[in-house]
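In my numbering, the protein residues as written are 17 to 423.
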């Protein structure tokens, strides 16, 4: 065990040295692209959109790295084990993305809402596609990590129930008169009160899940693999100072605001240009959802190249479970607050926030089969076969076709 700890520590030191400069180069490159777009390009064309989008996304990546470093340093100082520390780092990486999402919601509220939901389908597709790259046995089954099987299945089932319930509620509100706030027929919409209630309830599930994780795994445990060496077992490791932790947190937050604003500008230009070119509004939403999920793709690919399959699967699963219980509820609360403060215009005679139409409703309700397939694939035997893999990808493609073709 001492040899494993020493090798893990040496490998971690090498990776930290490399990644310590990586976030800085990303930040410089992204800020440079944003500066060029802001000060040297004065026409609202594709070149401006690409520079703002790519530059903003790179800055968001850098801010995510800074937030992860801050949380990782805090976890080591408090002797958290690697599983809890990794989960906390994954949650913290959502902060820059949420800031970015806020600017997208301000620029295009309805499309921003749909993009938020579509990231779930993109994540489900990524999970299915990545499962096809996992080592398989003679029967064609890929064995999934035990922590994923034990901890994610409940969230998959809960997410399936949430999306089914919300979708049915939206259909009922569209079909029947539900008070004077939400309207009826073509005027049906979700009110600020609806979004506040939905958002708070979904966040409670996330809070309970994280609290149970910390209580269950925050102490010493027997590692399931070499990759899961507890952080408290590391030898001769210098802890990050409190000042450095605070500095990384503040710098990451500031960078996320800059990058998020840039991506929000990109979203507005993209949707406008695509509509001018004759493409549907949902076509732009699909592109933005893939854009928003790019960070998770990078982490999954990097871990897979390093043959850290458990870490890659954890990122793939986390990208799914964090959408319905963290990203979506916060987006709902932001939309309600932005509408009440006048940041974004209200709909339905000033009483609604998100219109209930085929796009918003289908994006929500079609999250149910995606989550159901994920729950079935993981829960039944802890393995994924080719049928389950192809089904996850097929459902994603059906959703995308519906939104783009009928947009």
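Here a beta-carbon is modelled for each residue, glycine too, at the ideal position from N, C-alpha and C.
What would DSSP say about residue i, mapped onto helix, strand or coil?
i: residue 294; result: coil
i: residue 154; result: coil
i: residue 363; result: strand
i: residue 317; result: helix
i: residue 205; result: strand
i: residue 425; result: A question about residue 425 goes unanswered here, because the residues of the chain that appear run from 17 up to 423.
i: residue 370; result: strand
i: residue 399; result: strand
i: residue 412; result: helix
Tell me which same chain residues have a C-beta within less than 8 Å of the C-beta of residue i, skipping the five on either side of it?
i: residue 169; result: 391, 394 and 395
Going by beta carbon distance, what residues of the same chain come within less than 7 Å of residue i, once the five residues before and after it are set aside?
i: residue 187; result: 377
i: residue 260; result: 89
i: residue 82; result: 39, 264, 267, 268 and 271
i: residue 176; result: 384, 387, 388 and 391
i: residue 418; result: 378
i: residue 122; result: 280, 354, 359 and 360
i: residue 231; result: none
i: residue 110; result: 338, 342 and 343
i: residue 362; result: 355, 368 and 369
i: residue 52; result: 67
i: residue 380; result: 133, 179, 182, 183 and 186
Can you tell me where the alpha helix (DSSP H) with residue i in it begins and where it stops?
i: residue 138; result: 125-147
i: residue 88; result: 62-93
i: residue 340; result: Premise fails: residue 340 is in no alpha helix (DSSP H) and is neither H nor E.
i: residue 58; result: Residue 58 -> no alpha helix (DSSP H), and no H or E assigned at all.
i: residue 394; result: 383-395
i: residue 178; result: 169-191
i: residue 357; result: Element bounds for residue 357: n/a, residue is neither H nor E.
Work out the CA separation of residue j and residue i for me, nearest whole Å.
i: residue 399; j: residue 55; result: 52 Å
i: residue 255; j: residue 72; result: 31 Å
i: residue 383; j: residue 257; result: 43 Å
i: residue 408; j: residue 280; result: 30 Å
i: residue 64; j: residue 80; result: 24 Å
i: residue 294; j: residue 375; result: 18 Å
i: residue 416; j: residue 302; result: 7 Å
i: residue 360; j: residue 57; result: 27 Å
i: residue 6; j: residue 69; result: Absent from the model: residue 6. The displayed extent of the chain is 17 to 423, so no value can be given.
i: residue 46; j: residue 277; result: 13 Å
i: residue 221; j: residue 323; result: 32 Å
i: residue 158; j: residue 152; result: 5 Å
i: residue 371; j: residue 208; result: 12 Å
i: residue 404; j: residue 305; result: 23 Å
i: residue 149; j: residue 300; result: 29 Å
i: residue 421; j: residue 410; result: 16 Å
i: residue 223; j: residue 328; result: 24 Å
i: residue 287; j: residue 179; result: 26 Å
i: residue 350; j: residue 290; result: 26 Å
i: residue 131; j: residue 155; result: 37 Å
i: residue 190; j: residue 91; result: 47 Å
i: residue 402; j: residue 203; result: 43 Å
i: residue 74; j: residue 42; result: 6 Å
i: residue 125; j: residue 308; result: 15 Å
i: residue 174; j: residue 217; result: 12 Å
i: residue 397; j: residue 160; result: 9 Å
i: residue 413; j: residue 143; result: 14 Å
i: residue 62; j: residue 50; result: 14 Å
i: residue 48; j: residue 205; result: 41 Å
i: residue 76; j: residue 117; result: 11 Å
i: residue 145; j: residue 229; result: 28 Å
Within its chain, find whatever has a CB closer than 6 Å to the CB of residue i; leave out the 5 residues flanking it on each side and keep chain order.
i: residue 86; result: 261, 264 and 265
i: residue 219; result: 345
i: residue 406; result: none
i: residue 147; result: 158, 400 and 405
i: residue 120; result: 128, 280 and 283
i: residue 348; result: 211, 214 and 215
Is it the case that the stretch 349-357 contacts the stretch 174-184, given that we only count it when at least three CB pairs across the two stretches are under 8 Å? no
Taking contact to mean 3 or more Cβ pairs, one atom from each stretch, closer than 8 Å, check whether the stretch 338-347 and the stretch 127-143 are in contact.
yes
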